[in-house]
Amino acid sequence: MIDYDYLRPDNLEEVLGLLKEHGPKATLIAGGTDVMVKIRNTKKAPEVLVSIRGLKDLRYIEKRKDYHIGALTTHRMLEQSELVRTELSALYDGASRVGSVQVRNVATVGGNICNAAPSADTAGPLLVLDAIAFMEGPEGKRSVPITEFFTGTYKTVLKTDEVLTEIKIPGEMEHFGSAYWKHSRRKAMNLPILGIAVSLKLDGEIISDVRIALTVAAPTPVRAYKAEDFLKGKALSDEALNEAGKIAASTECCSLRDSLRGEAWYRAEIIEAYVPRMARLAAERRSK
Amino acid sequence: MKKVSVSFTLNGDSVTAEVPVTWTLLKTLREYFELTGAKEGCGVGECGACTVIMDGEAINSCLCPIPEVEGRSVTTIEGLADEDGTLHPLQEAFLKNNGVQCGFCTSGMIMSSKALLDHNPDPTEDEIRTSIAGNFCRCTGYVQIVESVKMAAKDGK
Amino acid sequence: MEEKMPDHLFVGKSIPRTIEADKVTGKAVYIDDLKRPGMLYGKILYSKHAHAKIKKIDTSKAEKLEGVRAVLTGQDIPDVRVGFLKDQTVLKKDVVRQYRDEVAAVAAISPEIAAEAADLIKVEYEKLPAVFDPFEAMKQESQLVHELDARGRPLKSNILPLPWKFEAGDMEQARKDSTYISKDTVSTTWVNQCCMGTSGCIAEFDQNNNLTLYDQTNVIFGHIGRITEYFSQIGLRGKKIRVVNPVVGGSFGTKLDTDIYEFIAIQLALKTRKPVKILFDRKEEFRALPPRQPAVFTIEQGCDKEGRLTFRHCEAILDNGAYTSWGATTPSVMIMPMSSLYRVPNVYFKATCVYTNNIYAQAMRGYGNPQATFAVETSMDTLAEKAGIDPAEFRLINRNRPGDDTPMKLRITSCGLEECITAVKEKLNWDNKKGKQKGRGVGMASLIHVAGGARVTKSDGHGIMVKLDEYGHVDVIESGTDQGQGSPTVISQIVAEALGVRPEDIFLTFGDTALALWDAGTHASRHTFMAGNAAIGACAKAKRQILEMAVEQMPKIIKSGFKRKKRKDPGFVEPDLDFGLIANPEDMDIRDRMIFPKNDPDHPHFKLPLTQILQNGLHVGIGQSKVVVAEEFYDPPTEMLNWEMKGNLSMTYAFGTCGVEVEVDEQTGEIKILNLVSAHDVGKAMNPTLLLGQIYGAAYTGVGYGLTEEIKVQNGRVMNPSFRDYQMLTAMDVVPIEAVIIEPIDEAGPYGAKGVGEPGLVPTAPAIANAVYDAVGVRITDLPITPEKILTALKERK
C-alpha cells in the first residue's frame, strides 16, 4: 500500500536540508499535477514527498533589466499576466493551453520543465525566449541555459539535491515577437501532438534574428537551428518561411516518431504548416 | 499508515480532519466529511468532476494532497446555498436552463463557474468556456451549461 | 390517449428541473456515494493477454492480505454461462479470450486493499495465437476464438449463428431498372459512451438469500430476468431479486445488459454474506466496459432517371470481440435505416458478426442506427452526385411521407422529414453555399428512429401507478430509469396536466422493482412516450376515483357548511343550489388543485379544494373510506419483428435532419464546424428546454463520433484508456448548434409527443462527411474523420 511522509518546509534552506537528509528517498512536489498522477497510475510513491508549494518567495513575475519568473509561478499566473501576454507572448500561449484552469491554478512552470516531458508546453516558448534556468543546491547556486537544461525524455541537469528557483529571460527578448502553437485534437485537456514556438526580431521586413523550437519532435524539446540559420537575414516572405518550415520538419532539426497521439509524417506536415504561421504571428505581435 | 491532522476552513466552518497522509482533498471530503457532492470521475485531474474552490481558485481536489489544505479555505457545492436553503444564482440557473441532466459533472461544473464569477462577474462566452474547459459533460453538449452561467451572471448583477 | 384541454397548463412549457434540486446541491446519491452497513469493496483482476490458456492461479498472497474477505477465481464459482449467446462465464476458468477478461475477483474492507490484493494474485498464462481482424477471423482456416458453443457442441467457424438478413422486393429487377448505381465501403470504429459516472453496483443478500441490487441499470426488469436465470443455476432458484436505481450518472446505452461485474458483485456478496460494491475507475471504464459496436459496410444504391431510389443493397461485417452483448444485436436496429430511411422499394441487408480477440461491444445511444446511417447517407450523396442531383433535392425526392408503409412494414404515421430537410436547407443557406469548394462546404444527413416504444421483447409495456394522499401529494411509481434526461420533470408535467394538480405536488419513484409494475426498459428513446401514455391512463383512472368521491362528498360538505353558518347566523338563508350540477363524475373536472363542475368552473359554492375531498373521502367515520390509487400498464398495439425481420415495432417514428457547414484547412486537414443545424420531428415538445438539451447533447456526441472519438485497440488492447487520450470534446471545442423543432402532433403520443433521446446523434457524422466532400472534394468513409485522413486523401488526389 502506498504510504509516505509529506513534509512542508517553510523556506528554501529547509528544503535543501531535507533533500540532503533523505537523499534518493525524497521527491519534490509542487502543484502535484504530475507527481500525484504518477503515484496514482503506477501505484508507487516515493518514501518522502518534500512539498515546495508553500515557498511563496519563489512565486513572482518581475521585469527588471531582464524578466524574472519564480519557479513556483503557476501557469495561471503566467496566463493572467499582462506583461507575459504582451512581451513574452509565446510563454503566454504555452502556459494558457496547459490542461484546464483547475490544473493551471496549481501547476508551476518550474514543475513543467523539471518534469521534462518532450511535450511540455512551456518548454518550446522558453527555448525561443533564450531562458536561463537557475538552480540552488548544497554547493550553492548555478545557472544553465534552457537549451542545455533538458538531457533526455523526463531528464534534466537538475541534481536530486537541487531545486530550480528561477527562470530568467533576457531583457532584449522585449524586442522579439513570439508565438507558440500547440497542435492537438481538441482545444483543452490535451497533450500536444506537436508544439511549435517561434520568436523573431525584425529590421524592417528583414528577419534580423529568429528562434524556432519544436516539442514532441525529439526526445527533448529542441531548437531548430538549421531552420533558424536559413531564416536569419531573409525577408519575411512566404517563400522563405515555407522553406524554413521544411527544414524544421526535416531530420536536420528533429527526429519525428510515430506514437499513440500522432504519426511522424503528419507531425512533419504540421511543422511545415505552422512554422510559417507562427512566424507571421510573432511578426505581427512584434509590431504591436 | 501514516496519519496527518489538517485544520482548515470548510464551507465557512473551522474543521480538523485526521486522515491518512496519502489521502487527497477529494477523498477527505467524501469519506471523512461525508460531503459527496465532489465526485471522482477519473482520479487523475482529467475530468473536473472533483472541482472545489480553495482560496478562491478552482482546483481538482483529486490531485490535492490533504496536507496542502492546512490553513486554507475550501468551498464545496454543499457550501453554496444559504443556510435556509435559498439556492445560489448558479444553482437556480442550472435548474432553470437545463444545465444539469444526469448531474454527475454538475458539482464540479458549478464550482468552476463560481470561481469564474467571483473573479469576473461579467464574463464573455469565451471566458465561460475557458473556465469550464476542464469539466467534461456527456449529457448536455455544454450549450445549456454556458447559458446557465450567463443567466447567473446576469442575475447576480 | 390524449387529454385535450383548451390550453395546457404544464405540458409544452419549459418548467425548470426544480424537482432535481438535489443534483445542484451535492445531495443526490449516486452509486459512488451509496454505502450499506458492513459493505465491502470488490475489485476485478483482468487478463494480461488477448488469447491464452490459464495454467495456474495462485491467490495465496492475496488471501493473506489483511482486510481481504474473499478471493474468487473461476474454480470457486459454478460454471454458468451468461450473455446474450451464453458464450462466457463470469470468471474465466481455462481460457482468456480478450485482454480484458475477468480472471479473479477480491472483496476487501477498502477499495485500496482490494486493489492491492488483486495485484497480488499470480496468474500463469500460456499464450495462444490470437485473431484481431474480423475479415481474417471469418476465413475457414482461421484460429477459432470459441471451440464450443453454449451447449458444448463444436464450432466450425468464428461467424456467429445470428439471423441478421433482410430482403424485400426484387433486387435483380431493381438493378435493371436503375439508371444510376453507386457503391461505397464505409467503416465505423469503437467509441466509448463516456458516462461521467462510471459503472458500478452494490449486491446485498438478506438472511433468506434474497438479493437487493443497487444498480444503475436501465432495464430493471431485464436484470431480474437474467439474474433469475443465473440464480436457478447456482442453487438460488426461487429467490427474489430487487433492483434499485440510485441516481444514475449517465447511461448512453451502457446499462442495458447484465454485465460480468454485476455477476461478480453478486458472487462476492454471496461468499462474504456482506454487501459488496464494485465501482469501475476511469481506466477500467475505458478498458473493460463494452463500447459501441464497430462495423464495416459495403453499400450499393440505385435510382432511376428522376432520382427515385430503386434499391439498396448492403452487407455489413461486425467485429464482435470474443463474447456477445448487445453489440451483436445492433443489426436488428440497422435494418430500420437500411429499409426505411427514405422510400426505397427493394432492399437487401445482411450483417455478419464475427468472433475475434478484440473487445466486445454493447449498446450505445443510437444502437446501430448511427453506424448504419453513416453508410446509407454516404451512399445517398455519392448516388446523388452520379445522378447529377443536388443532395438535398435528392433526399426530398425520396423522403418518407406520413402514411407510408416501409419494406420493413413500419407504419409511418406522423412524419416531419420534409420540414426538417427544408429547415436545414434554409438555415444553412444551402443553395448559396453548396458546391463552392475552396475549403468550405455544406452537407446533410437524415434519420429515422423508433419514437413510440420498440417491441424487442414480447412485452413492450410500461406500468405506472399513481396514488394520492390526503394532503394532495401525488406519488407516481414509475417503472423506468431516470438517467438524467429529465423524466422526473416531464412525467410530473404530464401527471399534473392529466390530474389537475401542479408539478410540485408530484413525487416520483424511479427504478425500484419492488414498487414498479414492469417496464421493458429505458432505451430506444421510448421513455416519455411509454411512461407518458401509461401516466395519462393511470391519471384518468385516479381522476375518475376522485370525482366519484367528489360527487359523494361535495353535497355533504356544502350542506354541513350551510348548517354551521345557520347555527352562527340564524338570519342566514341557504342558497337554492342545483346539486344536479355535481351529481355525476362525468360533469366534474379538476384543475389547479380545485374540483368544480365543467359547465360552471367558477361556481361560488361548487368549487372545492382537491385535498378537502381526499380527506373527507378517507376520514368518513362510518366505514367505507377510500384511498385514491390507480395503475395503467400501457402496452401498445405494435408487433415484434417476424422471422423476416419485418413488423411495425413502434407506434410512431422520429425523423430528423442534421446539416453542417465546415471549413477545412487544406494544408493541415483540420476541420472546423462553422454551423450545425439539427432539425427534429418530435411530435410535440413536452418541455422545450429539456428537449433542446437532448438535441444538443446528442448532436455534440455525434460530432465527437464523426471527428475525434475512437478507442484505439492494438492487438486486442485498449491503448487510450483515459480522458487525456480519448478525445471526447470539451466546452472549448465550440460547435455553433442550432436546433429546429418540428411538431407534427402524433396521435399516439402522450399529448402528441414522440421520443427524441437518440435521434440527435444519428445523422451527425455522415452530415460532416458530406460537408467535407463539398468543401474539399475528398470523401472520408472511415470514422472518425481526422485531419490525417483528410490530408492523406488530398495528397492521393493530387
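Protein chains in written order, with this note's numbering: chain B, 740 to 1027; chain H, 235 to 391; chain U, 288 to 1085. By construction, the Cβ of each residue, glycine as well, lies at the ideal position given by its N, Cα and C atoms.
In this structure SER947 (chain B) touches LEU941 (chain B) by the C-beta definition: roughly 6 Å separates them, less than 8 Å. Sequence-distant partners of ASN871 (chain U) (beyond 5 residues in either direction) whose C-beta falls short of 8 Å from its own C-beta, in its chain, are VAL838. Ranked by Cα distance from GLY275 (chain H), the first of U:TYR642, U:PRO1050 and U:LYS570 is U:LYS570.
One thing to note: TYR317 (chain U) has its Cβ within 9 Å of the Cβ of GLY484 (chain U).
Contact residues of the segment 465 to 484 of chain U toward chain H are GLN480, CYS481, CYS482, MET483 and GLY484 (C-beta to C-beta distance below 8 Å). Only ALA272, LYS273, GLU274, GLY275, CYS276, GLY277, VAL278, GLU280, CYS281 and ALA283 from the segment 272 to 284 of chain H bring a Cβ to less than 8 Å from some Cβ of chain U. By the beta-carbon neighbour count (other beta carbons within 10 angstroms, threshold 16), GLN649 (chain U) is buried.
The DSSP-derived three-state label of PRO303 (chain U) is coil. Within the same chain, SER790, ARG792 and GLY793 come within 8 Å of ARG747 (chain B) by CB-CB distance, once the 5 residues on both sides are set aside.
Any Cβ of chain H closer than 9 Å to the Cβ of SER820 (chain B) would place that residue at the interface, and such an atom is absent. Here the segment 365 to 380 of chain H does not lie against the segment 459 to 475 of chain U, with fewer than 3 beta-carbon pairs under 8 Å apart.
Burial state of GLY675 (chain U) is exposed, judged by a 10 Å Cβ sphere holding fewer than 16 other Cβ atoms. For ILE344 (chain H), at least one C-beta of chain U is nearer than 9 Å to its own C-beta.
GLU1025 (chain U) is bridged by DSSP to U:VAL964. Neighbours of ALA1012 (chain B) across chain U, judged by C-beta separation under 7 Å: GLN954 and THR955. The beta carbons of VAL743 (chain U) and ARG579 (chain U) sit no closer together than 9 Å.
At a cut-off of 9 Å between beta carbons, GLU265 (chain H) makes no contact with chain B.
Here DSSP, grouped into helix, strand and coil, assigns ALA918 (chain B) to strand.
When the Cα atoms are used, GLU706 (chain U) and VAL937 (chain B) turn out to be separated by approximately 51 Å. Here the alpha carbon of LEU868 (chain U) sits roughly 30 Å from the alpha carbon of PRO1037 (chain U). If the five residues before and after GLN325 (chain H) are omitted, its C-beta is found closer than 7 Å to the C-beta atoms of LEU314, ALA315 and ILE344, all from its own chain and listed in chain order. It is roughly 30 Å from the alpha-carbon of THR499 (chain U) to the alpha-carbon of THR305 (chain U). The C-beta distance from GLN770 (chain U) to GLY614 (chain U) rounds to 20 Å, too long to fall under 8 Å, and the pair is not in contact. For PRO324 (chain U), there is no enclosing alpha helix (DSSP H), as DSSP gives it neither H nor E.
When 9 Å is used as the limit between beta carbons, ARG579 (chain U) is near no residue of chain H, the shortest such separation being about 13 Å. Within the model, the alpha-carbon separation for ILE906 (chain B) versus LEU939 (chain B) is close to 20 Å. Three or more Cβ pairs closer than 8 Å define a contact, and the segment 504 to 518 of chain U meets that threshold against the segment 528 to 545 of chain U. Distance from the Cα of THR270 (chain H) is smallest, within the candidate group H:SER239, H:GLY337 and H:PRO301, for H:GLY337. When Cβ-Cβ separations below 9 Å define contact, PRO1071 (chain U) makes no contact with chain H. Within chain B, no residue has its beta carbon less than 8 Å from that of LEU407 (chain U); the closest one is some 11 Å off.
Residues are counted here when their Cβ sits less than 7 Å from a Cβ of chain H; for the segment 1010 to 1022 of chain U these are PHE1010, ARG1011, MET1015, THR1017, ALA1018, MET1019 and VAL1021, given in chain order. In the DSSP assignment, ALA983 (chain B) falls within the alpha helix (DSSP H) that extends over 977 to 988. When 8 Å is used as the limit between beta carbons, VAL914 (chain U) is near no residue of chain H, the shortest such separation being about 31 Å.
Under the three-state reduction of DSSP, ARG574 (chain U) is assigned to helix. Proximity of ARG747 (chain B) to chain H, defined by a Cβ-Cβ separation below 9 Å, is satisfied. The continuous stretches of beta strand (DSSP E) do not include LYS852 (chain U), which lies in the alpha helix (DSSP H) extending over residues 814 to 855.
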